[in-house]
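Student: Everything in the sequence shown is counted per my numbering, starting at 0 for the first residue and increasing by one.
The structure is given below, and queries will be raised subsequently.
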Amino acid sequence: MEGGWMTKIPTGPYGVGLWKYIPRGWNTFARFLTFEVGDGSRIRFWDDVWCGRDPLREAFPELYRIARVKDGAVADFLNFRVVLCIGRYEEDKLIWKLSLDKGFQVKSFYNAICAPGFGSFLWKSIWKTKAPPRVAFFSWTVALGKILIAENLRHRGIILVNWCCMCKVAGESVDHLLLHCTYAKELWDMIFVLFGIHWVMPKSVMAMFDCWQGSLGSYQNTVIWRAVPHRVLWCLWRERNARTFEGCETSVVDLKLHFYRLLLDWLSVTGLFNFTNVIDLIDSCSF
């Protein structure tokens with residue numbers, strides 16, 4: 000990057016994979032930065048935020064359009080008779096706008112980039128449930144749209160057919176596979192009938208988790224309710240992998256029974272329930 004404020008984004012096939020993704024967040028990070036002009040040699044006059052809240056090319060588009068030098072540094076313009084409070088013998092500095100002491104703080108950046116309610120969404124709907132930790136982590140990955148389904152693999156440059164192996168009709172995206180596929184819908188509809196709830200499925204998994212918050216009757220019933228989406232997603236994902244990698248297909252009826260059995264195992268570990276079989280679990284959910 001010009002001015003030496005950041006290293007260039009790696010584009011080659013080699014290098015540390017993690018670092019290739021970190022620089023991609025620079026544009027978001029840079030929104031909360033401003034410059035303190037010293038000698039002006041490392042700050043771009045038109046493109047960097049150093050005077051006011053926006054780059055000068057955006058604040059004064061008419062002047063920028065007729066400017067002869069569009070890529071010059073602030074130092075290149077210091078010969079003009081412009082009154083600026085500039086310390087000519089100091090270095091240019093990068094300032095963090097969200098901190099009083101102008102230094103970067105992780106907490107302030109995290110709070111700035113998180114949408115309202117996003118933090119509580121993660122904790123209440125995913126991490127604060129009785130689902131096993133690895134399943135909760137999987138649900139979190141699903142909500143962020145990062146699981147390796149066909150659509151995401153294609154974005155990584157892997158050539159394959161974007162085809163849902165469940166319904167065999169639509170493409171395989173996260174939201175389709177786990178929410179809107181006709182095969183997945185059979186499982187979700189069973190859940191809503193069981194709990195006596197009329198539900199319109201949201202567009203995305205993240206929105207679904209956000210809607211799933213709240214209590215449902217007693218504490219025990221709420222525990223069951225909050226564990227259900229994790230179990231459904233886990234069932235559908237394992238079925239998808241079995242079809243993709245093993246060529247095995249489970250009928251909808253068998254998948255529903257498998258859902259109840261695994262949910263029973265999860266809840267039994269909590270010590271909050273005395274279910275002896277699936278029938279007891281179903282009776283408890285019908286409230």
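Quick reminder that beta carbons are idealized off the backbone N, C-alpha and C, glycines included.
Since the structure is predicted, the reported quantities are computational estimates derived from the model, not experimental observations.
Taking a contact to mean a Cβ-Cβ separation below 7 Å, would you say residue 200 touches residue 178 in this structure?
Tutor: yes
Student: Would you say residue 180 touches the ligand NAP, meaning its beta carbon is less than 6 Å from a heavy atom?
Tutor: For the structure depicted, the ligand NAP is absent and the ligand set is empty, with no information on it obtainable.
Student: Does the Cβ of residue 133 have 16 or more other Cβ atoms within 10 Å, making it buried, or fewer, making it exposed?
Tutor: exposed
Student: What are the boundary residues of the beta strand (DSSP E) that includes residue 34?
Tutor: Unbroken beta strand (DSSP E) run through residue 34: 32-35.
Student: Does residue 191 pass the burial test, meaning 16 or more other C-beta atoms within 10 Å, or should it be called exposed?
Tutor: exposed
Student: Just how far apart, CA to CA, sit residue 212 and residue 127?
Tutor: 11 Å
Student: Quick check on this structure: which residue in 148, 38, 155 and 226 has the alpha carbon closest to the alpha carbon of residue 165?
Tutor: 148
Student: Tell me the residue span of the beta strand (DSSP E) that contains residue 94.
Tutor: Counting along the chain, the beta strand (DSSP E) containing residue 94 begins and ends at 92-95.
Student: Taking the runs of the alpha helix (DSSP H) that are 4 residues or longer, which of them lie wholly in the region 35-70?
Tutor: 55-58 and 60-65
Student: Could you check whether the region 166-173 touches the region 221-231, counting it as contact only if at least three pairs of C-beta atoms, one from each stretch, sit closer than 8 Å?
Tutor: no
Student: Indicate whether the contact test is met: 3 or more Cβ pairs, each with one atom in the region 21-40 and one in the region 92-107, closer than 8 Å.
Tutor: yes
Student: According to DSSP, residue 72 sits in a beta bridge with which residue or residues?
Tutor: 43
Student: In the structure shown, what three-state DSSP assignment does residue 100 receive?
Tutor: coil
Student: Nearest-angstrom Cα distance between residue 0 and residue 142?
Tutor: Caution applies to residue 0, whose pLDDT of 46 falls short of 50 and renders its modelled position unreliable; the value that the coordinates give is listed next. Each residue's Cα considered, the two are about 33 Å apart.
Student: Going by DSSP, what residue range makes up the alpha helix (DSSP H) through residue 139?
Tutor: 132-142
Student: Work out the CA separation of residue 26 and residue 268 for me, nearest whole Å.
Tutor: 45 Å
Student: If I'm right that residue 194 touches residue 284 with Cβ under 8 Å, what's the distance once you round it to whole angstroms?
Tutor: 6 Å
Student: Give every residue of the same chain whose Cβ lies closer than 7 Å to the Cβ of residue 116, excluding the five residues on either side of it in the sequence, and list them in chain order.
Tutor: At residue 116 the pLDDT is 49, less than 50, meaning the model places this residue with poor confidence and gives no usable figure here.
Student: Where do the N-terminal and C-terminal ends of the alpha helix (DSSP H) with residue 223 fall, by residue?
Tutor: 218-240
Student: Of the residues 175, 103, 277 and 37, which one's Cα is nearest the Cα of residue 239?
Tutor: 175
Student: Return the CA-CA distance between residue 270 and residue 280, expressed in angstroms with no decimal places.
Tutor: 14 Å
Student: Buried or exposed, going by whether 16 or more other CB atoms sit within 10 Å of the CB of residue 233?
Tutor: buried
Student: Apart from the five residues just before and just after residue 55, which ones in its own chain have a Cβ nearer than 6 Å to its Cβ?
Tutor: 45
Student: Could you check how far apart the C-beta atoms of residue 186 and residue 99 are, in whole angstroms? I think they sit under 8 Å.
Tutor: Actually they do not touch by this definition, with Cβ atoms about 51 Å apart.
Student: Hey, how far is the Cα of residue 198 from the Cα of residue 184?
Tutor: Between residue 198 and residue 184, the alpha-carbon positions lie close to 12 Å from each other.
Student: Taking residue 138 and residue 209 to be in contact with their CB atoms under 8 Å, please state how far apart those CB atoms are, rounded to whole angstroms.
Tutor: The Cβ separation is near 13 Å, so there is no contact.
Student: Nearest-angstrom Cα distance between residue 58 and residue 43?
Tutor: 14 Å
Student: Can you tell me which of the three DSSP states residue 179 falls into?
Tutor: helix
Student: Skipping 5 residues on each side, what residues in its chain have a beta carbon closer than 6 Å to that of residue 202?
Tutor: none
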